[in-house]
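In UniProt numbering, the protein residues as written are 1 to 82.
Think of the CB as a built atom: it goes at the ideal place given N, C-alpha and C, for glycine as much as any other residue.
Inspection log for the structure reproduced underneath, given as structure tokens.
The following block contains the structure:
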């Protein structure tokens, strides 16, 4: 299953929240979702972006995104765990 860029970004946010460095974060994501899901440099770049933007939570990450229904929002989140 190919993850969307938003899904990858959410995984990187998760790792960022736990203080993972880019090497460890990319290793864990790739182990769980398949080789070459994310690169170490992409994780490093996103971590800098999260820090610069002050992104602190999943809620903040999804801020501004509008779902047509609860089911649509639930489906967007569930895709990460299937």
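Checking 9 Å against the spacing of the C-beta atoms, do residue 26 and residue 42 come in under that value? Numbered from its first residue, the chain shown carries residue 26 at position 26. Numbered from its first residue, the chain shown carries residue 42 at position 42. Closer than 9 Å, so yes.
I'd like to check one pair, residue 8 with residue 38: are the Cβ atoms closer than 9 Å? On the chain shown, position 38 is the one that residue 38 refers to. On the chain shown, position 8 is the one that residue 8 refers to. Result yes, Cβ atoms of residue 38 and residue 8 sit closer than 9 Å.
Pop quiz: residue 46 and residue 12 are said to be a contact at Cβ under 8 Å. What is the actual Cβ separation, rounded to whole angstroms? As a working note, residue 46 is residue 46 in the chain shown. As a working note, residue 12 is residue 12 in the chain shown. At roughly 4 Å, the Cβ-Cβ gap stays under 8 Å, so residue 46 and residue 12 are in contact.
Residue 70, DSSP secondary structure in three states: Here residue 70 refers to the residue found at position 70 of the chain shown. Of the three classes helix, strand and coil, the one that applies to residue 70 here is helix, per DSSP.
To which residues of the same chain is residue 33 closer than 7 Å at the C-beta, ignoring the five residues directly before and after it? Residue numbering aside, residue 33 sits at position 33 when the chain shown is read from its first letter. So the qualifying residues of the chain are 3.
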